[in-house]
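Read through the structure below, which is laid out as structure tokens, and then see the notes.
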Amino acid sequence: MEVTTKANGVVEVSEKQIVNFPEGILGFEDFHKFALINSEYEPFIWLQSLDEKNLAFLLIDPFLISSEYEADIDDESLRKINVTSPEDIVVMTIVTIPSDGSDITANFLGPLVINRKNNQCMQVILSDGRWNTKFNIIEALKKKGE
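Counting from 1 along the sequence shown, just add 493 to a position and that's the residue number in this note's numbering.
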């Protein structure tokens, strides 16, 4: 299927790349269908809306940024996307790259959870006080490399 993207023009995506957010993403609850598209800058991935070409989010695996990251998500929440095993889940975080040159951050407080068996997704809000919506990626990678 051809998808018009915000960052890369028209790209071809397979059914395996299409994910569904039954409840949407916070602030974008009306948008449910997205495609996961590799970014030209690994390890980032685009989450491109299939309904609105100008709606796309840059994602990254939070465990690549911080080995201390934990996303403790209750079973009741995970049932909403039919998760039956922890091995079925992929956790991603939304990245913010401000146009003013300030810090590049990831939303560690509100990760996206993808059930890789059925491509159903949800955003959860963690109650863990260690994480916030503006987790500095560059600073964390420098600490990780020390």
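Backbone N, C-alpha and C define an ideal beta-carbon position, used for all residues, glycine too.
Looking at residue i: is its Cβ nearer than 8 angstroms to the Cβ of residue j?
| i | j | result |
| --- | --- | --- |
| Asp621 | Asp565 | yes |
| Ile582 | Val606 | yes |
| Ile558 | Cys614 | no |
| Pro604 | Thr577 | no |
| Asp544 | Lys526 | yes |
Should residue i go down as buried or exposed, given a rule of 16 or more other Cβ atoms within 10 Å for buried?
| i | result |
| --- | --- |
| Pro591 | exposed |
| Leu552 | buried |
| Tyr562 | buried |
| Thr598 | buried |
| Met645 | Residue 645 lies beyond the residue range present for the chain, which begins at 494 and ends at 639; the question has no answer from this structure. |
| Leu634 | exposed |
| Ser595 | exposed |
| Pro446 | Residue 446 lies beyond the range of the chain shown here (494 to 639); nothing can be said about it. |
| Ile538 | buried |
| Ser542 | buried |
Closest to residue i by CA distance: which of the options is it?
| i | options | result |
| --- | --- | --- |
| Val588 | Asp581, Thr577, Asn600 and Asp596 | Asn600 |
| Gly520 | Ala633, Thr598, Thr498 and Phe550 | Phe550 |
| Gly502 | Ser532, Leu602 and Pro515 | Ser532 |
| Ala528 | Asp581, Ala500 and Ser578 | Ala500 |
| Asn513 | Asn629, Glu495 and Asn611 | Asn611 |
| Ile511 | Pro555, Asn608, Asp568 and Tyr534 | Asn608 |
| Ser570 | Arg623, Lys627, Glu516 and Asp544 | Glu516 |
| Asp567 | Pro579, Glu545 and Asp544 | Pro579 |
| Phe628 | Asp593, Ser542 and Phe556 | Phe556 |
Taking Cβ positions only, does residue i come closer than 8 angstroms to chain C?
| i | result |
| --- | --- |
| Val606 | Chain labels in this structure do not include chain C; a single protein chain is all it has. |
Problem - Length-filtered (3 minimum) beta strand (DSSP E) runs lying within the segment 535-566 - result: 538-542 and 549-553
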